[in-house]
Each structure stands twice: as structure tokens, then as C-alpha cells.
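See below for the structure under consideration.
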């Protein structure tokens, strides 16, 4: 049970996501494929909420202070650079972006990009989920391979 909780909640955290959730679940005693499924579930859970509310939250935060406005503007600009790659292929681009398990990619950034590009919820969520499944298989394969050596 401890492995399920670890994999699920770590995968919900931006930046860590399933790249950290799967190894944490395996380290806590889960089968690598169980860890992957739990991590994908934890990683996808906040995505619809991020898609629905993120732009409104950022807009409100930008009005709070000029310092916060500058930080958010830098974050949006950095995300827009990544979004340009996704814009060309839209839904498929979003899927591929999320599927690559590298820092700066993943469900949270994918949700931000989908929000910026105004990709509809009914399109973005399935593409992000498929991307997470692909990333999960990659991370699980790497983790399982590493655990076989240990």
C-alpha cells in the first residue's frame, strides 16, 4: 500500500511526475508495471483541472504583483517556445511532447501548452493520457532494467 501511495502522489507533483513516481513505487515494493499504472493515474488526475482553470489562475496571479507578473510572463514565454513545436502537429504534437520522459516535458507542461494553444479538453486529455502511457512504458522499462541489475 505504501508503494501505491508513493507512486500516486509523487506523480501528481509538477516536475517529478511519473518520471519519479514509477521508481519510487518500485523502490517501495511495487511490481514495475503496477507502479507505472498507479503513476499514470496520479499524473493524469490533475490534468483536467489544470486545463480548465490554469489560464484563469495565471491571469489572477499576474494582477497580484508586478514581481509575480514577471515570473509568470517568463514561464509563459518559455512554455510558448515549447508550444511552437506542438502547434504544428496539434493533438499528435501534444501526445509526442508528453510521451518524451525528459525534464520540462510531461502532463503538467502538456496541460499548460494545451491551454495556451486552446486545445479542447476532450482532445487534450486523451492525448496527454496516451503520452503518459508511452512515457510510462519508457520509464518502466528503464526502471525494470535497472532493478534487474540490482
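In this note's numbering, the protein residues as written are 210 to 359. Using N, Cα and C, we set each Cβ at its ideal position, and we do this for glycine too. Because the structure is a prediction, the values reported are computed rather than measured.
Same chain, Cβ closer than 6 angstroms to residue i, neighbours up to 5 away in sequence not counted
i, result
"residue 252", "220, 226, 227, 316 and 341"
"residue 332", "300"
"residue 237", "211, 212 and 215"
Neighbourhood of residue i by C-beta distance below 8 angstroms, restricted to the same chain and skipping five residues each side
i, result
"residue 239", "212, 213, 216 and 247"
"residue 281", "267, 270 and 271"
"residue 298", "305"
Residue i versus the options, residue with shortest Cα-Cα distance
i, options, result
"residue 321", "237, 297, 284 and 305", "284"
"residue 243", "325, 255 and 230", "230"
"residue 257", "349, 354 and 329", "329"
"residue 288", "273, 313, 300 and 274", "313"
"residue 233", "218, 303 and 338", "218"
"residue 264", "210, 274, 326 and 352", "326"
"residue 255", "297, 347 and 337", "337"
"residue 307", "235, 348 and 261", "348"
"residue 335", "262, 304 and 274", "304"
"residue 295", "274, 324, 250 and 278", "324"
"residue 290", "262, 279 and 319", "319"
Own chain residues within Cβ distance below 7 angstroms of residue i, not counting five before or after
i, result
"residue 353", "241"
Distance between beta carbons of residue j and residue i, contact taken as under 8 angstroms
i, j, result
"residue 344", "residue 309", "7 angstroms"
Review point. Which runs of the alpha helix (DSSP H) spanning at least 4 residues fall entirely within the segment 268-334, listed in chain order?
Key: Secondary structure in the segment 268-334: the alpha helix (DSSP H) runs of 4 residues or longer, each lying completely within the stretch, are 275-298, 300-308 and 316-325 in chain order.
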